[in-house]
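First up is the structure itself, then whatever we jot down about it.
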Amino acid sequence: MDRHAVFASVQTLKGARLETIGRFDYVITDEGHHATAKSYRAIYARVLGENPRAKHIGFTATPFRNAGAGKTSGLGQVYEHLSYEYSLQDAITEGALCPIRGVRIETMIDMTGVDPDDEKRIEKIVNTPERNTIVADKYMEHAAGLRGICFAASIAHAAALAAELRKRGIASDHVWGTDKDR
């Protein structure tokens, strides 16, 4: 804590470490969309409480945090203003990103009354052999020979979709957030 610059994770800045916070001029948060989380806010309260003149800067490519039930938590709770924004459309126009092409596939499932946070129920409804076959067939129809990403309801669903795509000769695999090999 006595160095010119201190790099720390939220997981390590707690307890005794958080209590030893010294003088800082800047607090910089990468993945700033997490800034509204309770764990982050506890750190900010301590650090900025000890350093009321410090500047807090956050960087994120995803400025809305999921607050559950299909709602988002705005960063205005933590940051005073947006200093710079680079929209997806600007990035595409300037050649920093390739154009986005999404395809919606109707598979005739009924999600009426399903809680968007009930992951087990959603996975049970969407991860069926019949539905995965439709998705793989439509991938062949719309994107054969192209790279793509299929989003799934669960790890098991992602594995089933990848297996269905491999049956059609499409090199595919599934990845998830805690996958050590991702």
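Going by my numbering, the first residue of the sequence shown is number 10, and it counts up by one from there. Idealized CB from N, CA, C, for every residue including glycine. Values in this document were obtained by computation on a predicted structure and should not be read as measured data.
Leaving out five residues on either side along the sequence, give the residues of the same chain with a beta carbon under 7 Å from the beta carbon of residue i.
| i | result |
| --- | --- |
| Val15 | none |
| Asp182 | Ala171 |
| His166 | Glu132, Val135 and Asn136 |
| Asp11 | Gly31 |
Could you check the C-alpha separation between residue i and residue j for me, to the nearest Å?
| i | j | result |
| --- | --- | --- |
| Thr121 | Arg191 | 34 Å |
| Ala169 | Asn141 | 7 Å |
| Val19 | Tyr35 | 16 Å |
| Val144 | Thr21 | 42 Å |
| His151 | Thr29 | 57 Å |
| Arg50 | Ser163 | 29 Å |
| Ile66 | Pro138 | 47 Å |
| Leu97 | Leu27 | 37 Å |
| Arg62 | Trp185 | 40 Å |
| Gly178 | Thr69 | 37 Å |
| Gly154 | Ile109 | 16 Å |
Run through DSSP, which three-state label would residue i get?
| i | result |
| --- | --- |
| His166 | helix |
| Lys176 | coil |
| Pro108 | coil |
| Glu150 | helix |
| Pro125 | coil |
| Ile131 | helix |
| Leu155 | coil |
| Leu27 | helix |
| Val144 | helix |
Taking all protein chains shown into account, decide if residue i is buried (16 or more other Cβ within 10 angstroms of its Cβ) or exposed.
| i | result |
| --- | --- |
| Leu174 | buried |
| Ala105 | exposed |
Among the residues of its own chain, which have a CB less than 8 Å from the CB of residue i, if the five just before and after it don't count?
| i | result |
| --- | --- |
| Thr102 | none |
| Lys147 | Val112 and Ile114 |
| Val123 | Arg130, Ile131 and Ile134 |
Looking only at its chain, what residues have a beta carbon closer than 6 Å to the beta carbon of residue i, apart from the 5 residues adjacent to it on each side?
| i | result |
| --- | --- |
| Cys159 | Leu170 |
| Thr116 | Arg140 and Ile143 |
- Message: What ranges does the alpha helix (DSSP H) occupy inside the region 31-105, keeping only unbroken runs of at least 4 residues that lie completely in it?
- Response: 47-59 and 97-102
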